[in-house]
Amino acid sequence: MQRRNKIKTRIRGKVSGTAARPRMTVFRSNKQIYVQLVDDLEGKTLVAASSKGLEGGTKTEIAAKVGKAAAEKALAAGITEVVFDRNGYLFHGRVKSLADAAREGGLKF
Numbered sequence: 000m001q002r003r004n005k006i007k008t009r010i011r012g013k014v015s016g017t018a019a020r021p022r023m024t025v026f027r028s029n030k031q032i033y034v035q036l037v038d039d040l041e042g043k044t045l046v047a048a049s050s051k052g053l054e055g056g057t058k059t060e061i062a063a064k065v066g067k068a069a070a071e072k073a074l075a076a077g078i079t080e081v082v083f084d085r086n087g088y089l090f091h092g093r094v095k096s097l098a099d100a101a102r103e104g105g106l107k108f
C-alpha cells in the first residue's frame, strides 16, 4: 500500500485534468473496478462507471466492459480527450484492458 501511494503521488504531480481534457482515474479492488473522469480545476467528477452490477466473464473482460461504458458516457457528455491516471497500479491486466476498451470506445489519450 505504501509503495502504491508513493507511485500515485508521483503520478498526480504530473497529471492534472481540466474541463476540456479531464483526468481518467482508475481504482481497482479485489472484486470491482471503478473509473472516473475528473475536472481537477473545479473538483468535480464529470463521468463515472463501475463494474457493480456487471456479471459474466473474467475480471479482465469485465474491466473492458467498464472502459467501454465510460467511453460511451464521456462521448455523450461531449468529452473526447482525457489524461489517463493509472492511480499507482501497473499498466497491466485489468487496468490495461480498461484503457484499451476506452480507446476503442472513442476516447483519445
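Positions 0 to 108 (numbering that gives the first Met the number 0) are the ones given, in order, by the sequence shown. We put the CB at the ideal spot given by N, CA and C, even for glycine.
Practice task
Enumerate in chain order the residues of its own chain whose CB-to-CB distance from V46 is below 6 Å, with the five nearest sequence positions on each side excluded.
Solution key: Taking the sequence shown and counting its residues from 1, one reaches residue 46 at position 47. So the qualifying residues of the chain are L36, K72, A73, A76.
Practice task
State the start and end residues of the unbroken beta strand (DSSP E) segment that holds D84.
Solution key: In the sequence shown, counting from the first residue as 1, residue 84 sits at position 85. Note, D84: beta strand (DSSP E), 82 to 84.
Problem - Option nearest T17 by Cα separation, candidates F83, S96, A100, E103 - result: Looking up residue 17 in the sequence shown gives position 18. Taking only the C-alpha atoms, the option nearest T17 is F83.
Exercise for the section: Could you tell me the distance, in whole angstroms, from the CA atom of N86 to the CA atom of Q31? Expected result: For this step, residue 86 is matched to residue 87 along the sequence shown. For this step, residue 31 is matched to residue 32 along the sequence shown. In a straight line, the C-alpha of N86 is about 15 Å away from that of Q31.
Problem - Three-state secondary structure assigned by DSSP to A47 - result: For the purposes of this step, residue 47 is taken as the residue at position 48 of the sequence shown. Of the three classes helix, strand and coil, the one that applies to A47 here is strand, per DSSP.
Practice task
For Q1, name the three-state secondary structure that DSSP assigns.
Solution key: As a working mapping, residue 1 is identified with position 2 in the sequence shown. Q1 falls in the helix class under three-state DSSP.
Problem - From S15, M0, R9, V81, residue whose alpha carbon lies closest to that of E41 - result: One-based indexing of the sequence shown puts residue 41 at position 42. Nearest of S15, M0, R9, V81 to E41, Cα basis: S15.
Exercise for the section: May I ask you to verify whether the segment 19 to 34 touches the segment 2 to 10, counting CB pairs closer than 8 Å and requiring at least 3? Expected result: no
Handout entry: R22 versus S50: straight-line alpha-carbon distance, rounded
Key = Taking the first residue of the sequence shown as position 1, residue 22 is located at position 23. Taking the first residue of the sequence shown as position 1, residue 50 is located at position 51. For R22 and S50, the distance between alpha carbons rounds to 19 Å.
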